[in-house]
């Protein structure tokens, strides 16, 4: 599958806009669940958490790990940045039934450009696999299942040979701004009053 990302679509339908919004929501949830430590202050540059590194299977004698509570401030900060740059919440909360596809497409362009700016400014992204999409790859025995999701007819044990449908993404660096002491991260966008 070859996708020309430089080509601009003539119209953007509601399905694609919805899929984009869902992808951003899942990204925010990912950051909330695994991207922040419970009581650590926000740093300008943060390395990836060790949980994203390759992990070995737990030995049977080791106790089951406890789930940790994520600090929502980083996710709230990301949501604030998406609102400021892309009007993300305004767009997601709008009832689109009364708008034409052309109007939705124009609004989606603003959300897309602003979201792309936030990702570029605050996150270093890398692909998970170097192979080209639609190429055949073999996953050896003991492959890291956190970096590859098997789909389709999964039977038996590795090695598995299949078609790379998506190369995957990982965050290699987070550069969210520091939060001021006493800042309420729950306020995503203050109300505006023009005088």
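In my numbering, the protein residues as written are 26 to 220.
Cβ coordinates follow ideal geometry from the N, Cα and C atoms, glycine included.
Requested in this report: State yes or no: is the C-beta of residue 213 within less than 7 Å of the C-beta of residue 108?
Outcome: One-based indexing of the chain shown puts residue 213 at position 188. One-based indexing of the chain shown puts residue 108 at position 83. In this structure, residue 108 lies closer than 7 Å to residue 213 by Cβ.
Query - Beta carbon of residue 196 nearer than 7 Å to that of residue 148 - result: Translated into positions along the chain shown, residue 196 becomes position 171. Translated into positions along the chain shown, residue 148 becomes position 123. Contact flag set, yes.
**Report entry** Assigned secondary structure, residue 69 (DSSP; H/G/I helix, E/B strand, else coil)
**Finding:** By one-based count along the chain shown, residue 69 stands at place 44. In this prediction, residue 69 has a pLDDT of 40, which is less than 50 and means its spatial position is unreliable; nothing more can be read from the coordinates.
Report task. Count the CB pairs spanning the stretch 157–167 and the stretch 122–129 that are closer than 8 Å, and state whether there are at least three. Result -> no
Query raised in the report: Smallest Cα separation from residue 155: which of 102, 93, 191, 111?
Result: Start at 1 with the first residue of the chain shown, and residue 155 comes out as number 130. Of 102, 93, 191, 111, the residue nearest in Cα terms is 191.
Report task. Out of 178, 93, 105, state which residue places its alpha-carbon closest to the alpha-carbon of residue 143. Result -> For the purposes of this step, residue 143 is taken as the residue at position 118 of the chain shown. Taking only the C-alpha atoms, the option nearest residue 143 is 105.
Query - Close-in-space but distant-in-sequence residues of the same chain around residue 194 (CB under 7 Å, 5 per side omitted) - result: The residue you call residue 194 lines up with position 169 of the chain shown. For residue 194, where only same-chain residues beyond five positions count, the Cβ hits under 7 Å are 150, 152, 153.
Query raised in the report: Taking the alpha-carbon positions, what's the residue 198 to residue 132 distance?
Result: Here residue 198 refers to the residue found at position 173 when the chain shown is read from its first residue. Here residue 132 refers to the residue found at position 107 when the chain shown is read from its first residue. Rounded to the nearest angstrom, the two C-alpha atoms are 29 Å apart.
Requested in this report: Reducing DSSP to helix, strand and coil, say where residue 196 ends up.
Outcome: As a position in the chain shown, residue 196 is number 171, starting the count at 1. Three-state result, residue 196: strand.
**Report entry** One or two residues paired with residue 162 in a DSSP bridge
**Finding:** On the chain shown, position 137 is the one that residue 162 refers to. Per DSSP, 187.
Report task. Kindly indicate the opening and closing residues of the beta strand (DSSP E) around residue 151. Result -> Translated into positions along the chain shown, residue 151 becomes position 126. Start and end: 148–152.
Query - Local Cβ density within 10 Å of residue 102, reported as buried at 16 or more and exposed below that - result: For this step, residue 102 is matched to residue 77 along the chain shown. Buried, because 16 or more other Cβ atoms sit within 10 Å of the Cβ of residue 102.
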